[in-house]
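K.L.:
In full-length UniProt numbering, the protein residues as written are 1 to 395.
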């Protein structure tokens, strides 16, 4: 375990170049892939880059992206959670049954569903840490068992429809007014600039190296361009969807937790070197259990967002390829399968790549078999890059 892995200090341009020379490419391959996808599909179908389609793309990636965000918590420790899809469906069913069949307040039903997800994660974490069962086996059993419980709760009907004008369904049919969207952009840019300034002063006071001012200005300027461009495009259609704001808030919040709290440093430390973390006094068992709790809780929330889009839960909730796409999004976005390296933004970038490919091929009427093969190739390439980066770092 090295200090850089734990503290996650900002890199100067020179250090960034040095990282690239050693094979640590960061998010650049994903950014390049997104540019290539936009060029290819934008050329083949003029509707791909239209405001309407890009807004739909933002809606499509929120639910699976949230599940992927939870999986990142476990991947950072070098473990895996195969139950995330089933847990998302199960908790969505719990929410729907309580709010529709039992007449509970929708917000209270959501809270109970999230609590159910946390309890599932706690059970997985205890089985993994106390019984010494491999995470693969624990969560594989969960994948099968929780899917069975989902079917049992639904009963013979197999479906629960949510009211179209209800609170849950409205989550996916709410759009921010322009003034609010631009206010959020301004606040994010100001927060980013203020954080960079404070961090720079603290590092100067501690006599630590700091990146040049122009480098910070470039990063803030890039953030401004991306956010402003997104708002302009989506405002040309229905506006910024609330689901995207919720997903983005979760990504930013967990990134701050991982980079600026003791818990986040402990996560990277345990993922980087378990034995070194234990000798440093870190409660490895507690960190592992919390990672599984977060994974299942975020899976539950992702399931609720998915139910909001469909205005229903059924026997297929949390099934199909949701789990595979969530794991693939985390890895494609840059999270290492070996633990100790990754950012929450991997969920955003990764799911954007996958959904863009899916959306583009759908517009071109490409068979789903081809979509699976292309997604598999992108995933294999991402893992290969991760392996090479790890080898270069070791060298």
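Think of the CB as a built atom: it goes at the ideal place given N, C-alpha and C, for glycine as much as any other residue.
Please look up how many angstroms separate the CB atoms of residue 241 and residue 59, rounded, as I've assumed it's under 8 Å.
P.N.:
Yes, they are in contact, since the Cβ atoms of residue 241 and residue 59 sit about 5 Å apart, within 8 Å.
K.L.:
At the level of alpha carbons, what is the spacing between residue 312 and residue 207?
P.N.:
Each residue's Cα considered, the two are about 57 Å apart.
K.L.:
Using the beta-carbon count (16 or more within 10 Å), is residue 263 buried or exposed?
P.N.:
The residue is exposed, with fewer than 16 neighbouring Cβ atoms inside 10 Å.
K.L.:
Taking the continuous alpha helix (DSSP H) assigned at residue 313, which residues delimit it?
P.N.:
Per DSSP, residue 313 belongs to no alpha helix (DSSP H); it is in the beta strand (DSSP E), 312-314.
K.L.:
Entirely within the stretch 96-178 and at least 3 residues each: give me those beta strand (DSSP E) ranges in chain order.
P.N.:
Qualifying beta strand (DSSP E) stretches, in chain order: 159-161.
K.L.:
Closer than 7 Å by C-beta to residue 298: which residues in its own chain qualify, once you throw out the five before and the five after it? Chain order, please.
P.N.:
Result list for residue 298: 66, 67, 69 and 70, in chain order.
K.L.:
Select from 31, 81, 136 and 355 the residue whose C-alpha is nearest the C-alpha of residue 291.
P.N.:
Of 31, 81, 136 and 355, the residue nearest in Cα terms is 81.
K.L.:
Considering just the uninterrupted stretch of the alpha helix (DSSP H) at residue 350, what are its terminal residues?
P.N.:
Looking at the DSSP string, the run of the alpha helix (DSSP H) that includes residue 350 is 345-363.
K.L.:
Would a C-beta distance cut-off of 8 Å place residue 34 and residue 356 closer than the cut-off?
P.N.:
Taking 8 Å as the Cβ cut-off, residue 34 and residue 356 qualify as a contacting pair.
K.L.:
Ignore the nearest five residues each way along the sequence and tell me which others in residue 138's own chain have a CB closer than 6 Å to its CB.
P.N.:
Once the five neighbours on either side are set aside, the close Cβ partners of residue 138 are 124, 127 and 128.
K.L.:
I need the DSSP call for residue 198, collapsed to helix, strand or coil.
P.N.:
Helix at residue 198.
K.L.:
What does the alpha-carbon distance come out to for the pair residue 243 and residue 279?
P.N.:
Distance between the alpha carbons of residue 243 and residue 279: 42 Å.
K.L.:
Can you tell me whether residue 316 is buried or exposed? The criterion is at least 16 other CB atoms within 10 Å of its CB, across all chains shown.
P.N.:
Answer is exposed; the Cβ neighbour count stays below 16.
K.L.:
Closest by CA to residue 347, which one among 358, 329, 339 and 338?
P.N.:
Minimum Cα distance to residue 347 is reached at 329.
K.L.:
So, does the CB of residue 299 fall closer than 8 Å to a CB anywhere in chain B?
P.N.:
Absent from the structure is chain B; it holds one protein chain and no more.
K.L.:
Give me the Cα-Cα distance between residue 318 and residue 149, rounded to the nearest whole angstrom.
P.N.:
Between residue 318 and residue 149, the C-alpha separation is close to 12 Å.
K.L.:
Within a Cβ cutoff of 8 Å, which residues of the same chain sit near residue 198, ignoring the five residues on either side of it in sequence?
P.N.:
Correct list: empty, nothing qualifies.
K.L.:
Count the other CB atoms, across all protein chains shown, that sit within 10 Å of the CB of residue 48; report buried if there are 16 or more and exposed otherwise.
P.N.:
Under this definition residue 48 is a buried residue.
K.L.:
Whole angstroms is fine: what's the gap from residue 363's alpha carbon to residue 57's?
P.N.:
Cα to Cα, residue 363 sits roughly 12 Å from residue 57.
K.L.:
If you reduce the DSSP assignment to three classes, tell me which class residue 209 lands in.
P.N.:
Coil at residue 209, not helix or strand.
K.L.:
In or out: residue 152 buried (at least 16 other Cβ within 10 Å) or exposed?
P.N.:
Exposed, because fewer than 16 other Cβ atoms sit within 10 Å of the Cβ of residue 152.
K.L.:
From the DSSP output, which residues share a beta bridge with residue 240?
P.N.:
Residue 240 pairs with 176.
K.L.:
At a cut of 8 Å, does the stretch 221-240 reach the stretch 181-188 through at least three beta carbon pairs?
P.N.:
Taking 8 Å as the limit for Cβ pairs, the verdict is that the stretch 181-188 does touch the stretch 221-240.
K.L.:
Output the distance between the C-alpha atoms of residue 284 and residue 43, rounded to the nearest integer angstrom.
P.N.:
Looking at the two C-alpha atoms, the distance is approximately 50 Å.
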